Amino acid sequence: MTAEKNIDLKASPLSDHILEWKNLSLSIPKSDKIILHPQSGSLGSGKVLAIMGPSGAGKTSFLDVISQRVLSSDPGASITFDGHRFSMRDLGSYVSQDNALHGFLTVKDNLRYSALLSLPHDTPTNVIDGVVKKTLRSLGLTDVRKNRIGTYFERGISRGQKRRVTIASSVITQPRILLCDEPMSGLDSTTGYQVASAIKRLAQETNTVVLASIHQPDFETFSLFDHVLFLASGHCVYQGPIGGVVSYFVKIGYPCPPHVNPADHVINIINTNFDVAETDVPNHERIQQLAEAWIAHASNLNPLGSDLDKRSSVGITSPGPGTTLGGVETVFEPEPIRTQKSWNYRVVAEVRRTWILTQRTALIIRRNVMLTGLRLLTYGAFWNGKGATSVLLATVWLHMEKTDARVNDRISVHFFSLAVLSGMSVAAVPLYLEERPVFIREYVGQVRPVCFPASPSFSIPRRNNGLYGAGVYTIANTVRGSLRRLFRSFMYAAEAQALLVAAIIPNFVGALAFGGSLRDSGCLLVQNDFEGETLLVLLSPTDRVTAVFRAP
167 MTAEKNIDLK ASPLSDHILE WKNLSLSIPK SDKIILHPQS GSLGSGKVLA
217 IMGPSGAGKT SFLDVISQRV LSSDPGASIT FDGHRFSMRD LGSYVSQDNA
267 LHGFLTVKDN LRYSALLSLP HDTPTNVIDG VVKKTLRSLG LTDVRKNRIG
317 TYFERGISRG QKRRVTIASS VITQPRILLC DEPMSGLDST TGYQVASAIK
367 RLAQETNTVV LASIHQPDFE TFSLFDHVLF LASGHCVYQG PIGGVVSYFV
417 KIGYPCPPHV NPADHVINII NTNFDVAETD VPNHERIQQL AEAWIAHASN
467 LNPLGSDLDK RSSVGITSPG PGTTLGGVET VFEPEPIRTQ KSWNYRVVAE
517 VRRTWILTQR TALIIRRNVM LTGLRLLTYG AFWNGKGATS VLLATVWLHM
567 EKTDARVNDR ISVHFFSLAV LSGMSVAAVP LYLEERPVFI REYVGQVRPV
617 CFPASPSFSI PRRNNGLYGA GVYTIANTVR GSLRRLFRSF MYAAEAQALL
667 VAAIIPNFVG ALAFGGSLRD SGCLLVQNDF EGETLLVLLS PTDRVTAVFR
717 AP
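Shown next, in the form of structure tokens:
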């Protein structure tokens, strides 16, 4: 095992780098189905590789493996950057198909918070503002920087602009490797061309290695890419420069007709979903022949499997089970890249990220007027207990006689408030389900899980219902208001349970059913001495206290 080597790759972002992958494959365990056959290749910095193929060809699987989100089925597979192993979270950024953005934030706000969360915590504010401004200009978002992304209730920017904001949120972290999964999905040809142009310009300006999976682009968009990887049923049928596509397929007997987009021509040949190719050969046999033809072609270009020119724009290696030098199989064990960060540095960074997420959550709450207003009105979430629900509940026990016969009636206001909140506890689930896509995107980046749960807890005081406020007990003339402080502590614990339910089950209906079952069964039993009496407090797993019982 070789020793780790410390390399500061971000110190020279415009220097030449190369990403190389060997024997990447993916298969279903305990099954004969192979999703991705062994893939090998390399790509230089400042270049863009298009990953193309019909639906189910393995494009997303290839990106998942090379992004290290999914482990390769081949234990001998390797992914290196300048010949060294690395963590994609340190050097790369992944752009998913979904636009995971905060709708109530502006374009500039989304980029600024992404920069604050990903860049080193000691980065000066003027530098962060400069990075945001440059990214806005590079992706053509300067004119809409003050516009909100948009929600179901508020119209925002266009879909193409959202895709560019999603890409900008990833590239603002200044990655050396950018992976894009269907960046032009659902866009018209003009908007798709603009997105592809922005990616190309970004790769050239920042000298970034870019890999993007796409469907069938038009000729102008296809020409923007430097290289292309065609996949069919998990096999590689071509990997090389865009300009070599036509000549290669002419060589193997599939000439491109005049006035036909080469990308469309190849997709028609390798499409196994329909019999679109003008040949009598069955689909699976045709794909196998194309894969074998490419292996033979790549072997002729690199007969001894010798090392590629590390500064070339693309490398072609035979997608076989191993690398050979003069017929002798070799084992390549690259040195890993290690980033040196002290314990104090990491702690300060985590605390700073948590504070930034808290600020962002507070800003979203202030701008989400409809949701916040409805909760304040419906749940009575004012600190002084003057909300609608709290007032209505309190007035039921208004002007009650102060006699021994009314003691049980006075206690019942407390139990009734708990019963009402037991049904209202489901309000915690949508909050986390809305944050889940953004959380996943940021977790793949530099934001750690410990930061995310801490930021939504800022919303707990907003939802500290007036049913536990001093106003209810003053109006109803019942339990002392000091009980409110005890409940507030319980609510913080219950809020964490709501996050757990929403994280386990991403479906809204499923989360409600699962959380309701846990709530009714009672997952926590806390014994505490309060006001000289022992109370057994049953917590709701989705939000709040379910019931309080007097212990003997």
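Numbering of the sequence shown is given in this note's numbering, commencing with residue 167 and proceeding in unit increments. Ideal placement from N, C-alpha and C gives every residue a C-beta, glycine not left out. Treat the numbers as computed from the prediction; the structure is a model and nothing was measured.
Handout entry: Backbone CA spacing between L307 and L229 [nearest angstrom]
Key = C-alpha separation (whole angstroms): 27 Å.
Practice task
Mind listing, in chain order, the continuous beta strand (DSSP E) runs of no fewer than 3 residues lying wholly within the segment 223–263?
Solution key: Here the runs fully enclosed are 244–247 and 258–261.
Problem - Residue closest to S259, alpha-carbon to alpha-carbon, out of I315, L344 and R330 - result: Out of I315, L344 and R330, L344 has the C-alpha closest to the C-alpha of S259.
Practice task
Go through its chain and collect everything with a Cβ distance to F436's Cβ below 7 Å, but skip five positions before and after it.
Solution key: Note that residue 436 is Ile in the sequence shown here, rather than Phe. G219, P220, F396, A398, V403, I453 and L456, listed in sequence order.
Exercise for the section: On a CA-only basis, which of H450, Y414 and S191 is nearest D240? Give me that one, please. Expected result: Closest by alpha carbon: S191.
Practice task
Using 10 angstroms around the beta-carbon of M350, count the other beta-carbons present and answer buried if the total reaches 16, otherwise exposed.
Solution key: Around the Cβ of M350, a 10 Å sphere holds 16 or more other Cβ atoms; the residue is buried.
Exercise for the section: Compare the Cα-Cα distances from I408 to each of P341, F385, P421 and P423 and report the closest residue. Expected result: Per the C-alpha coordinates, the member of P341, F385, P421 and P423 positioned closest to I408 is F385.
Handout entry: Inter-residue spacing [alpha-carbon to alpha-carbon] between R330 and L305
Key = When rounded, the separation of the alpha-carbon atoms in R330 and L305 is 6 Å.
Handout entry: Which residues DSSP lists as bridging V375, in chain order
Key = According to DSSP, V375 bridges with I343.
Handout entry: Within 8 Å, strictly: CB atoms of A334 and L277
Key = Taking 8 Å as the Cβ cut-off, A334 and L277 qualify as a contacting pair.
Practice task
Measuring alpha carbon to alpha carbon, tell me which of D288, F581, W187 and E451 ends up nearest G249.
Solution key: G249 has its Cα closest to that of W187, out of D288, F581, W187 and E451.
Exercise for the section: Please determine, among R235, I194 and F247, the residue with the shortest C-alpha to C-alpha distance to L185. Expected result: It is F247 whose Cα lies nearest to the Cα of L185.
Problem - Inter-residue Cα distance where the pair is F319 and G406 - result: For F319 and G406, the distance between alpha carbons rounds to 46 Å.
Problem - CB contact check: T246 to chain B, cutoff 8 Å - result: The structure shown contains no chain B; it is built from a single protein chain.
Handout entry: Range covered by the alpha helix (DSSP H) that runs through P428
Key = It spans P428 to I436 - the alpha helix (DSSP H) in which P428 sits, taken as one unbroken run.
Exercise for the section: Could you tell me whether the Cβ atoms of Y279 and R526 are closer together than 8 Å? Expected result: R526 sits close to Y279, with the two beta carbons spaced by under 8 Å.
Handout entry: Three-state class that DSSP yields for S413 in the structure shown
Key = If DSSP states are grouped into helix, strand and coil, S413 belongs with the helices.
Handout entry: Unbroken alpha helix (DSSP H) run spanning S389, endpoints
Key = Unbroken alpha helix (DSSP H) run through S389: F385 to L390.
Problem - Length of the line joining the Cα atoms of L353 and R321 - result: Straight-line Cα distance between these residues: approximately 18 Å.
Exercise for the section: Starting from A216, trace the alpha helix (DSSP H) both ways and give me its first and last residue. Expected result: Unbroken run through A216 is the beta strand (DSSP E), V214 to M218; no alpha helix (DSSP H).
Exercise for the section: Within the same chain, show all residues whose beta-carbon is closer than 7 Å to that of H268, passing over the 5 residues directly before and after it, in chain order. Expected result: Once the five neighbours on either side are set aside, the close Cβ partners of H268 are N276, I315, I530 and V604.
Practice task
Tell whether a beta-carbon distance below 8 Å holds between V416 and V432.
Solution key: Not in contact: V416 and V432 (Cβ atoms no closer than 8 Å).
Practice task
Just the C-alpha distance for V497 and R251, rounded to the nearest angstrom, thanks.
Solution key: Here V497 scores only 38 on pLDDT, less than 50, and its place in the model is too uncertain to base an answer on.
Practice task
Between the Cα of L237 and those of L202, S389 and I217, spot the shortest distance and give me the residue it belongs to.
Solution key: Comparing Cα positions, the closest option is L202.
Handout entry: Residue interval of the alpha helix (DSSP H) (run including L283)
Key = According to the DSSP assignment, L283 belongs to the alpha helix (DSSP H) that extends over V273 to S284.
Handout entry: T569 to R576 span [Cα, whole Å]
Key = Using only the alpha carbons, I get a separation of about 10 Å.
Handout entry: Top-ranked residue by Cα proximity to Q382, from I461, A429 and S578
Key = Per the Cα distances, A429.
Exercise for the section: Can you say whether F270 is buried or exposed, counting buried as having 16 or more other CB atoms within 10 angstroms of its CB? Expected result: With a threshold of 16 other beta carbon atoms within 10 Å, F270 meets it and is buried.
Handout entry: Cβ shell of K274 (< 6 Å), same chain only, five flanking positions each side left out
Key = Cβ within range, chain order: R311.
Practice task
For the beta strand (DSSP E) containing E320, list its first residue and its last residue.
Solution key: Unbroken run through E320: none, as it is neither H nor E.
Exercise for the section: For V514, collect the residues of the same chain with a Cβ closer than 7 Å to its Cβ; drop the 5 residues on either side in sequence, then sort them by chain order. Expected result: Hits under 7 Å: H287.
Practice task
Pull up the distance between the alpha-carbon of R602 and that of V261, whole angstroms please.
Solution key: Between R602 and V261, the C-alpha separation is close to 16 Å.
Handout entry: Supposed contact pair V214 and D392 - C-beta distance, whole angstroms, cut 8 Å
Key = Taking the Cβ atoms as the reference, D392 lies roughly 5 Å from V214, within the contact range of under 8 Å.
Problem - For P290: DSSP bridge partner residues - result: In the DSSP assignment, no residue is bridged to P290.
Problem - Buried or exposed by the 16-neighbour rule on C-beta atoms within 10 Å, applied to V342 - result: The residue asked about is misnamed: residue 342 is Arg in this sequence, not Val. Buried: at least 16 other Cβ atoms inside 10 Å.
Handout entry: Three-way DSSP call (helix, strand, coil) for A362 in this model
Key = If DSSP states are grouped into helix, strand and coil, A362 belongs with the helices.
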